[in-house]
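These notes concern the structure reproduced below.
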Amino acid sequence: MMLSLGPIIFGIILGVIIGSQIKLKCCDSNFTWTSFVIIIIAGIIIAWQSGNYPFYTDLPISTAFVSALIGIFVGKLLFARSK
Numbered sequence: 161m162m163l164s165l166g167p168i169i170f171g172i173i174l175g176v177i178i179g180s181q182i183k184l185k186c187c188d189s190n191f192t193w194t195s196f197v198i199i200i201i202a203g204i205i206i207a208w209q210s211g212n213y214p215f216y217t218d219l220p221i222s223t224a225f226v227s228a229l230i231g232i233f234v235g236k237l238l239f240a241r242s243k
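Numbering (my numbering), first residue to last: 161 to 243.
Spelled out as structure tokens, the structure:
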């Protein structure tokens with residue numbers, strides 16, 4: 161089992177960039193802890209159904225999608241803009 165780090169690193173970098181652009185205090189969206197849990201569960205289900213890239217055989221889920229999802233939350237927590 162060989163874990164390919166390219167899609168994971170690219171997904172985390174892209175997720176952190178996208179997550180850093182999320183505005184925290186916007187009147188039209190209200191994210192609670194429950195909504196974050198639902199987004200994570202839905203993201204894992206989507207990654208499971210997407211499967212891995214054809215020649216990657218490390219995990220049965222899309223590692224790039226999961227790492228991008230993690231990167232979005234990390235970027236939001238570390239660099240989120242407030243407006």
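Cβ atoms here follow ideal geometry from the backbone N, Cα and C, with glycine treated the same way.
If the criterion is Cβ atoms closer than 8 Å, does the pair residue i and residue j meet it?
i, j, result
"residue 202", "residue 226", "no"
"residue 194", "residue 212", "no"
"residue 172", "residue 221", "no"
Excluding the 5 residues preceding and the 5 following residue i in the sequence, name in chain order all residues of the same chain whose CB lies nearer than 6 Å to its CB.
i, result
"residue 181", "none"
Going along the chain, which residues of its own chain have a beta-carbon closer than 7 Å to the beta-carbon of residue i, five neighbours each way excluded?
i, result
"residue 232", "175, 178, 179"
"residue 235", "175, 176, 177, 178, 179, 180"
"residue 209", "none"
Is residue i helix, strand or coil when you go by DSSP?
i, result
"residue 223", "helix"
"residue 164", "coil"
Apart from the five residues just before and just after residue i, which ones in its own chain have a Cβ nearer than 8 Å to its Cβ?
i, result
"residue 196", "233"
Relative to the C-alpha of residue i, which candidate in the options has its C-alpha closest?
i, options, result
"residue 168", "200, 219, 192", "219"
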